[in-house]
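Under the numbering used here, the first residue of the sequence shown is numbered 429, with each subsequent residue one higher.
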Amino acid sequence: MLRQLNDLILVVGVAILAVVVLLAMPGVLPLRILCAVLLVLILPGYALTAAFFPGHFLDIPQRVLFSLGLSLAVTALVGLSLHVLKQSLQLTSWSLALGGVTLAAALLAAWRRRSLVQPVYSPDTFRFKPNVREGVLLGLALFVTGAALQLARVPTPNPNVSGYTLLWMVPAENGSNQLRVGVDSKEFDITRYNVQLFDNGRLLERWPDLELEPGGSWQTAIELAATPAVTSTIEARLYRSDAPEQVYRRVRFVRGEQQAKD
Numbered sequence: 429m430l431r432q433l434n435d436l437i438l439v440v441g442v443a444i445l446a447v448v449v450l451l452a453m454p455g456v457l458p459l460r461i462l463c464a465v466l467l468v469l470i471l472p473g474y475a476l477t478a479a480f481f482p483g484h485f486l487d488i489p490q491r492v493l494f495s496l497g498l499s500l501a502v503t504a505l506v507g508l509s510l511h512v513l514k515q516s517l518q519l520t521s522w523s524l525a526l527g528g529v530t531l532a533a534a535l536l537a538a539w540r541r542r543s544l545v546q547p548v549y550s551p552d553t554f555r556f557k558p559n560v561r562e563g564v565l566l567g568l569a570l571f572v573t574g575a576a577l578q579l580a581r582v583p584t585p586n587p588n589v590s591g592y593t594l595l596w597m598v599p600a601e602n603g604s605n606q607l608r609v610g611v612d613s614k615e616f617d618i619t620r621y622n623v624q625l626f627d628n629g630r631l632l633e634r635w636p637d638l639e640l641e642p643g644g645s646w647q648t649a650i651e652l653a654a655t656p657a658v659t660s661t662i663e664a665r666l667y668r669s670d671a672p673e674q675v676y677r678r679v680r681f682v683r684g685e686q687q688a689k690d
């Protein structure tokens, strides 16, 4: 019976050794890299493959493909789980989590193997003809991996850092009566704005439905009347949709004098 579990015993032993090396041997870089590769790309997927297909002797190409795909999926899910649980994504948490998944999957695989009377088939040729269950599992592994890679491209906001938005207004450089008004979003989510422009308190123009993605910007040019005999204060106000009555940003320009901002 133990011969039936030799590969699982080896996987568990290597996983434990890899975790020990990563956590207790910081000075042996080549060995640490090898252990990290085993934990991320091979061991969890191999144990899960054995648990999902306890009575199948998979061909080498099939076993390699499932081990790699499931390992990547497990690594992605572990990272997302640690983030949701607000755990630090550090070497210790990664190593213990991946080692724990490998151990749990190996125990499940051993239990399922021992409950079988005999294997479903034995390997005779190298072939890759996955059945429906194998195809579904492989597809899910690839989907989770791709989704995790896509999420990894989007930076996660630090809970101690908040986004912000810039409102600006500058006169045209050619000496005309034009002003340029713009909004730059440095928020972490899509944000809706309302921009209003006033001349000495009188509403000149408004843009009530601006929607900017993170990193997006908007600007427009405003043609003003000829320079008045007395000073005129042009004021732009920015409101956010989540607080429509509160001025979020304000910028003023006194025609003929320097720009003032608050």
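Think of the CB as a built atom: it goes at the ideal place given N, C-alpha and C, for glycine as much as any other residue.
None of these values were measured; they are calculated from a predicted model.
Label residue i either buried or exposed according to how many other C-beta atoms from any shown protein chain fall within 10 Å of its C-beta, with 16 as the threshold for buried.
{"i": "Gly527", "result": "buried"}
{"i": "Pro472", "result": "buried"}
{"i": "Ser645", "result": "exposed"}
{"i": "Lys689", "result": "Annotation note: pLDDT 42 at Lys689 (below 50); position unreliable, coordinate value reported separately. With fewer than 16 Cβ atoms within 10 Å of its Cβ, Lys689 is classed as exposed."}
What three-state label does DSSP hand residue i in the structure shown?
{"i": "Val609", "result": "strand"}
{"i": "Ile488", "result": "helix"}
{"i": "Thr593", "result": "strand"}
{"i": "Phe681", "result": "strand"}
{"i": "Val447", "result": "helix"}
{"i": "Gln432", "result": "helix"}
{"i": "Leu638", "result": "strand"}
{"i": "Ala600", "result": "coil"}
{"i": "Leu438", "result": "helix"}
{"i": "Leu386", "result": "As shown, the chain starts at 429 and ends at 690. That puts residue 386 outside it, with no answer to give."}
Confirm, please, whether the CB-CB distance from residue j to residue i is below 8 Å.
{"i": "Ala443", "j": "Leu531", "result": "yes"}
{"i": "Tyr621", "j": "Leu607", "result": "no"}
{"i": "Arg680", "j": "Thr619", "result": "no"}
{"i": "Ala538", "j": "Leu436", "result": "yes"}
{"i": "Ala475", "j": "Val439", "result": "yes"}
{"i": "Leu459", "j": "Val449", "result": "yes"}
{"i": "Leu419", "j": "Leu517", "result": "Outside the modelled stretch of the chain, which goes from 429 to 690, sits residue 419, for which no answer is possible."}
{"i": "Leu524", "j": "Ala479", "result": "no"}
Could you spell out the range, first to last residue, of the beta strand (DSSP E) harbouring residue i?
{"i": "Phe626", "result": "619 to 627"}
{"i": "Ala534", "result": "Looking at the DSSP string, Ala534 is not in any beta strand (DSSP E); the run it does join, the alpha helix (DSSP H), is 519 to 542."}
{"i": "Ile461", "result": "Here Ile461 belongs to no beta strand (DSSP E); instead the alpha helix (DSSP H) covers 457 to 465."}
{"i": "Glu651", "result": "645 to 651"}
{"i": "Thr661", "result": "661 to 668"}
Excluding five sequence neighbours on each side, which residues of the same chain lie with their C-beta closer than 7 Å to the C-beta of residue i?
{"i": "Ser660", "result": "Asp627, Asn628, Arg683"}
How is the alpha helix (DSSP H) around residue i delimited, first residue to last?
{"i": "Leu469", "result": "Neither: Leu469 is in no alpha helix (DSSP H) and is coded neither H nor E."}
Who are the near neighbours of residue i in its chain, counting only those whose CB is closer than 8 Å to its CB and skipping five residues on each side?
{"i": "Arg491", "result": "Tyr474, Thr477"}
Determine, using beta carbons only, whether residue i comes closer than 8 Å to chain B.
{"i": "Trp596", "result": "Here chain B cannot be found, since the structure has a single protein chain."}
Can you give me the Cβ contacts of residue i inside the same chain, cut-off strictly under 6 Å, excluding the 5 residues immediately before and after it?
{"i": "Ala534", "result": "Leu436, Val439, Val440, Ala475"}
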